[in-house]
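All remarks here apply to the structure that follows.
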Amino acid sequence: MSLLQLQILVTAVAIVQSFPASQTQLPARPTFLTNNHRNNNRHQRWVVSSALFSTIEESTKQSSSASAESEKYVIARGDGSSGGGGVPMKKNEQKQQQQEIEEEENDGLVRPKVGVPMPNGRPSWFRVPAPSADEKSRYQNVKESLKDLSLNTVCEEAQCPNIGECWNGGTGTIMLLGDTCTRGCMFCAVKTDGKPPEPDPFEPFKTAEAVTKWGVDYIVLTSVDRDDIPDGGSSHFATTVDLLKHANPSLLVECLVSDFQGDHDSVTTLAKSGLDVYAHNVETVERLQKFVRDRRAGYWQSLRTLEHAKKVTPDLYTKTSIMLGLGETDEEVIQAMRDLRSVDVDVVTFGQYLRPTEKHLSVVEYVTPEKFEHFKKVGEDMGFKYVASGPLVRSSYKAGEFYLTHMINKEREEETEKADVVENSS
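Going by my numbering, the letters in the sequence shown line up with residues 1045 to 1470, in that order.
In structure tokens:
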């Protein structure tokens, strides 16, 4: 055995011996076994065996070959074209979807597209207060606490127009599981990648620390889609909720989550974690789903996750959001509300779609405040417990949180009083 081969053997043994030790350095909860992690382990084992039975030159050739074979990540749009996020469609799927789109072009209905002309000018009702530049403002305090703990917020990542209002109110929507999404929806500004970095196992603890500092009574947790994690990140959410409730039992927690690829076990994990509001957005009416959302999302898949959350935890509040201005008709919006009520969704919000960049879907229409008010009235008549509807309304924002806090606490007080009456009369 040559000196070079001996050195390779010693190195390989050292790598193998290091595997068990590296697995014990992270806290027991939460733990993650992502597809990336499995792939990395397989790659490490391949390198070890390659080093044992090949020369360095042969190993290098094999490594280069493996890298060349791995498909370069291409961003995929909701309509099958490139740009936006997620994993690229297969060519036959793209062709089939394009045929469907061409057939629907003749139905007389409007659908959103990328790169087409926008309505001239933004209406006068799109006016929001600018974030405070005062170093002592609550806006700056929230910003600094998030920065210090390396936490992400959807407020910044999704370029929410209400960031000044919410952060000046002392709260933000914390985005768990990193800032990179595995899907590519046509409306979303969050960055995408087929293989995002693995989640920070200490993120739930950091989140609890930040929220405790804010001293709020309602917090929203959301996340990017993480299809690379077996449970979609539901256990990560559950751990975060558990820590928040431990720190402040009276805190109301809303989780705005993905569809978990329709996996009901993941939905159950979160629904039973102790959260107060289970939120998942259907985003748009049924007809426009494939033009707006990633192909792995689906209208009825979203509805079924909301239905299952309520089924396993009946006293849970369920919530969703729909963007307007993408070419939907009034009847389609009303039908979406009927579908949501059919699965007992409690809260729905309507807001104007605003294009984040020129690479995203163009706005088809700026919906008037009067039309938003009309949908609010229709929703309330259908039996939704709360309907927030307006051009600048977003799925989670300060005014909505205030109302939900009051509503939830009031209903729970009434239930407690009823229980006391029944107990005293028996």
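Backbone N, C-alpha and C fix where the C-beta goes; we use that ideal spot for every residue, glycine too. Note that the structure is a prediction, hence the values are computed from the model and not measured.
Secondary structure of G1395, DSSP reduced to three states:
The three-state reading of DSSP puts G1395 in strand, counting E and B together.
Helix, strand or coil for E1330? Go by DSSP, reduced to three states.
E1330 falls in the helix class under three-state DSSP.
Does the distance from the C-beta atom of Q1405 to that of V1326 stay below 8 Å?
Just to set this straight, residue 1405 is Leu in the shown sequence, not Gln. Between L1405 and V1326, the C-beta spacing is not below 8 Å.
For E1330, collect the residues of the same chain with a Cβ closer than 6 Å to its Cβ; drop the 5 residues on either side in sequence, then sort them by chain order.
Result list for E1330: Y1343, in chain order.
If you run the structure through DSSP and keep just helix, strand and coil, what is Y1410?
The DSSP-derived three-state label of Y1410 is coil.
Three-state secondary structure (DSSP) at S1317?
Residue state for S1317 is assigned as coil, using DSSP reduced to three classes.
With E1298 as the anchor, note down where its beta strand (DSSP E) starts and where it stops.
Per DSSP, the unbroken beta strand (DSSP E) holding E1298 starts and ends at 1296-1300.
For F1281 and T1251, the rounded distance between their alpha carbons:
If you take the alpha carbons of T1251 and F1281, they lie about 11 Å apart.
Out of L1153, Y1430, I1378, R1227, which has the shortest C-alpha to C-alpha gap to G1238?
R1227 is the residue among L1153, Y1430, I1378, R1227 whose C-alpha sits nearest the C-alpha of G1238.
Should G1222 be labelled buried (16 or more other beta-carbon atoms within 10 Å of its own) or exposed?
Buried, because 16 or more other Cβ atoms sit within 10 Å of the Cβ of G1222.
At 4 residues or longer, what runs of the alpha helix (DSSP H) sit wholly inside the segment 1238-1314?
Secondary structure within the segment 1238-1314: the alpha helix (DSSP H) runs of 4 or more consecutive residues, fully enclosed, are 1247-1258, 1278-1291 (chain order).
Own chain, CB closer than 7 Å to K1316, minus 5 neighbours either side, in chain order
In the same chain as K1316, and ignoring 5 residues on each side of it, the C-beta atoms closer than 7 Å to its own belong to V1356, T1357, in chain order.
Would you say G1165 and L1220 are within 8 Å of each other, going by their C-beta atoms?
No, the Cβ-Cβ distance between G1165 and L1220 is not below 8 Å.
Are T1266 and P1240 closer than 8 Å when you measure CB to CB?
Taking 8 Å as the Cβ cut-off, T1266 and P1240 do not qualify as a contacting pair.
Leaving out five residues on either side along the sequence, give the residues of the same chain with a beta carbon under 6 Å from the beta carbon of E1417.
Cβ within range, chain order: n/a, list empty.
What is the DSSP secondary structure of L1347, counted as helix, strand or coil?
In this structure, L1347 counts as helix in the three-state DSSP scheme.
Got a sec, what are the start and stop residues for the beta strand (DSSP E) M1367 sits in?
Per DSSP, the unbroken beta strand (DSSP E) holding M1367 starts and ends at 1361-1368.
Cβ shell of Y1361 (< 6 Å), same chain only, five flanking positions each side left out:
Around Y1361: V1321, D1390.
Identify which residue in H1308, S1386, P1293, V1431 has its Cα closest to the Cα of G1395.
When only C-alpha atoms are compared, the closest one is V1431.
In three-state DSSP terms, what is K1355?
The answer is helix: DSSP assigns K1355 an H, G or I state.
So, for L1295: in the same chain, excluding its five sequence neighbours on each side, which residues have a beta-carbon less than 7 Å away from its beta-carbon?
Within the same chain, Cβ atoms closer than 7 Å to the Cβ of L1295 are found at D1261, I1263, L1288, K1289, the five residues on either side in sequence being excluded.
Report yes if the CB atom of P1016 is closer than 8 Å to the CB atom of L1370, and no otherwise.
Past the boundaries of the shown model lies residue 1016; the chain is included only from 1045 to 1470, so the question cannot be answered.
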